[in-house]
Amino acid sequence: MANRVFVVGVGMTKFEKPGAREWDYPDMARESGTKALEDAGIDYREVEQGYVGYVYGESTSGQRALYELGMTGIPIVNVNNNCSTGSTALFLAAQAIRGGLADCTIALGFEKMQPGSLGATYNDREQPMEKHMMLLAEISEVLFPPAPWMFGAAGREHMEKYGTTAEHFAKIGYKNHKHSVNNPYAQFQTEYSLDDILGSRMIYDPLTKLQCSPTSDGSGAAILASEDFVDKHGLAGQAVEIVGQAMTTDFQSSFDRTCKNLIGYDMNVQAARKVYDQSGLGADDFQVIELHDCFSANELLLYEALGLCGEGEAGKLIDNDQTTYGGKWVVNPSGGLISKGHPLGATGLAQCSELTWQLRGTADKRQVDGVTAALQHNIGLGGAAVVTAYQRADR
Numbered sequence: 001m002a003n004r005v006f007v008v009g010v011g012m013t014k015f016e017k018p019g020a021r022e023w024d025y026p027d028m029a030r031e032s033g034t035k036a037l038e039d040a041g042i043d044y045r046e047v048e049q050g051y052v053g054y055v056y057g058e059s060t061s062g063q064r065a066l067y068e069l070g071m072t073g074i075p076i077v078n079v080n081n082n083c084s085t086g087s088t089a090l091f092l093a094a095q096a097i098r099g100g101l102a103d104c105t106i107a108l109g110f111e112k113m114q115p116g117s118l119g120a121t122y123n124d125r126e127q128p129m130e131k132h133m134m135l136l137a138e139i140s141e142v143l144f145p146p147a148p149w150m151f152g153a154a155g156r157e158h159m160e161k162y163g164t165t166a167e168h169f170a171k172i173g174y175k176n177h178k179h180s181v182n183n184p185y186a187q188f189q190t191e192y193s194l195d196d197i198l199g200s201r202m203i204y205d206p207l208t209k210l211q212c213s214p215t216s217d218g219s220g221a222a223i224l225a226s227e228d229f230v231d232k233h234g235l236a237g238q239a240v241e242i243v244g245q246a247m248t249t250d251f252q253s254s255f256d257r258t259c260k261n262l263i264g265y266d267m268n269v270q271a272a273r274k275v276y277d278q279s280g281l282g283a284d285d286f287q288v289i290e291l292h293d294c295f296s297a298n299e300l301l302l303y304e305a306l307g308l309c310g311e312g313e314a315g316k317l318i319d320n321d322q323t324t325y326g327g328k329w330v331v332n333p334s335g336g337l338i339s340k341g342h343p344l345g346a347t348g349l350a351q352c353s354e355l356t357w358q359l360r361g362t363a364d365k366r367q368v369d370g371v372t373a374a375l376q377h378n379i380g381l382g383g384a385a386v387v388t389a390y391q392r393a394d395r
């Protein structure tokens, strides 16, 4: 029987525009990691294993990052899984506890990024997304940079099949920017009108600039613990239990010549189903959700993939304001990737931090009423999707 896993401490830095702050990744890791340890009320010497996520960096940067917290000789694993890197580190740190290999672990993620669109680091070998992009080029026009093209094409496909409009996507950008006004950790904290969203620079129709996540610098961290550790340290009052967690990678259906599956729709569906089975919870049981809105088109598709509504019904959900305060769910109260920012290695751990605060009732102006369960979704193309369900330990 698997051991129970609890989040007992979280911490993150403010997410910043690359180059806006004079800091390096060890500084980021020290800030987020120290906050997480202080939140848990423990010393780094009690941590038995570390999992550190980053996409852009040299080998063993994970060691260098955690050395800011201490040098205790523990196993430290460097993790890279594209945009789902942070939640992959979380998945591995939880797995060590779930399997009885450790009683306390740390998952930490950071990113120090270059300004502008994401690009390849190595040009002397096949790119991991080459197969995806070659197929998409057969069923869609080609535009670079590839990320907005891929997600924009999936948005267009949804428009053609279900009658979704450009305004539906813009409303997601409007919502997430509005949410971020109350998040001191967010890269952007400006509210825009719907006309501002629609009228901002077109990146790939229907996606305008204010519907696309930016490159960011920043870090997030989480301390995970076993039930015995929680009891020993008297942490039940603040602990949040991971009641379901699953990671999926591409299926054969990812290449079925639909744009939505090329950007991970099936991965998302299957990961969510596994988590619902593990936790005994369904989409209706969650009040707050942090999901991977790298582009507004992905958030819209995720409403359907995660079971918030049926296929083709996401537009109705948006028109009825069901994914913001006063609706059935509050999705991305942090501002999401679109407005909070997207330092790739840190994103999944920032999501974990936000949901931990929401479940504790300590999210300040962002607090959602009556939170009893929270859902996290993080995806990286090429590909991996991680879905995690949380409940308070004292429930």
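Residue numbers (UniProt numbering): 1 to 395.
For glycine and all other residues, C-beta sits at the position ideal for the given N, C-alpha and C.
query: With a CB to CB cut of under 6 angstroms and the five nearest residues on each side skipped, what residues in its chain are close to tyrosine 276?
result: Gly282.
| task | Whole angstroms is fine: what's the gap from glutamate 160's alpha carbon to alanine 153's? | result | Distance between the alpha carbons of glutamate 160 and alanine 153 is about 11 angstroms.
| Which runs of the beta strand (DSSP E) spanning at least 3 residues fall entirely within the stretch 277-337, listed in chain order? | You should have 288-290.
**OP:** Return the first residue and the last residue of the alpha helix (DSSP H) that phenylalanine 169 is part of.
**Re:** 166-180 is the span of the alpha helix (DSSP H), which, as asked, contains phenylalanine 169.
Within 10 angstroms of its Cβ, does isoleucine 106 collect 16 or more other Cβ (buried), or is it exposed?
With 16 or more neighbouring CB atoms inside 10 Å of its own CB, isoleucine 106 falls in the buried class.
Starting from isoleucine 106, trace the alpha helix (DSSP H) in both directions and tell me its first and last residue.
Careful: isoleucine 106 lies outside any alpha helix (DSSP H), inside the beta strand (DSSP E) at 104-111.
- Between the C-alpha atoms of tyrosine 174 and glutamate 31, what's the straight-line distance to the nearest angstrom? Roughly 30 angstroms between the two C-alpha positions.
Spatial distance of alanine 239 from tryptophan 357 (CA atoms):
The alpha-carbon atoms of alanine 239 and tryptophan 357 are separated by roughly 10 angstroms.
### Query
Helix, strand or coil for glycine 155 per DSSP?
Of the three classes helix, strand and coil, the one that applies to glycine 155 here is helix, per DSSP.
Within 8 angstroms, strictly: CB atoms of glycine 348 and proline 128
Going by C-beta atoms, glycine 348 is not nearer than 8 angstroms to proline 128.
| Where the beta strand (DSSP E) containing glutamine 367 begins and where it ends | Counting along the chain, glutamine 367 falls outside any beta strand (DSSP E), and DSSP gives it neither H nor E.
For asparagine 78, write down the residues that DSSP places opposite it in a beta bridge.
-> Val52.
Buried or exposed: where does proline 148 fall if 16 or more other Cβ atoms within 10 Å of its Cβ makes it buried? Flag for proline 148 reads buried.
Item checked: Residue burial classification, isoleucine 139 (beta-carbon count within 10 angstroms, cutoff 16) -> By the neighbour-count rule (16 or more Cβ atoms within 10 Å), isoleucine 139 is not buried but exposed.
Any idea which residues DSSP pairs isoleucine 379 with across the strands?
Looking at the DSSP output, isoleucine 379 bridges to Ala385.
- Task: Please check the pair leucine 300 and histidine 168, which I expect to be a contact at CB under 8 angstroms, by giving their CB distance rounded to whole angstroms.
- Result: Contact between leucine 300 and histidine 168 holds: their C-beta atoms lie close to 6 angstroms from each other, under 8 angstroms.
Compare the Cα-Cα distances from glutamine 63 to each of Thr72, Ile76, Gly53 and report the closest residue.
-> Closest in alpha carbon position to glutamine 63, among Thr72, Ile76, Gly53, is Ile76.
Distance check for valine 79 and threonine 248, CA to CA, integer angstroms please. Each residue's Cα considered, the two are about 16 angstroms apart.
field: Backbone CA spacing between aspartate 231 and aspartate 27 [nearest angstrom]
entry: Distance between aspartate 231 and aspartate 27, taken at the CA atoms: about 32 angstroms.
Q.
Between Ile197, Ala236, Leu135, Ala373, which has its C-alpha nearest threonine 258's C-alpha?
A. Comparing Cα positions, the closest option is Leu135.
_Contact set for serine 193: own chain, Cβ-Cβ below 8 angstroms, skip 5 residues either direction_ = Taken in chain order, the residues that qualify are Tyr174.
Burial state of aspartate 228 (16 or more Cβ within 10 Å)
Aspartate 228 should be labelled exposed.
Exercise. In chain order, what residues of the same chain lie with their CB nearer than 6 angstroms to the CB of alanine 225, ignoring the 5 residues before and after it?
Worked result: Annotation for alanine 225: Phe6, Val8, Cys104 place their beta carbon closer than 6 angstroms to its own, counting only its chain and skipping 5 residues before and after.
Can you tell me which residues form a DSSP beta bridge with alanine 222?
DSSP output for alanine 222 lists Val10, Ala107 as bridge partner(s).
*N- and C-terminal bounds of the beta strand (DSSP E) containing glutamate 241*: For glutamate 241, the uninterrupted beta strand (DSSP E) segment begins and ends at 240-248.
(request) Tell me, please, whether the stretch 286-295 touches the stretch 183-190 by the rule of three or more beta-carbon pairs shorter than 8 angstroms. (result) No, they do not touch.
Legend entry - Element boundaries [alpha helix (DSSP H), containing isoleucine 263]: No residue range can be given for isoleucine 263, since it is assigned to no alpha helix (DSSP H) and is classified by DSSP as neither H nor E.
| message | DSSP has glutamine 391 in a bridge; who is on the other side? | response | Note: glutamine 391 sits in a beta bridge opposite Glu241, Ala373.
Handout entry: As assigned by DSSP and simplified to three states, the class of isoleucine 42
Key = DSSP places isoleucine 42 in coil when its eight states are reduced to three.
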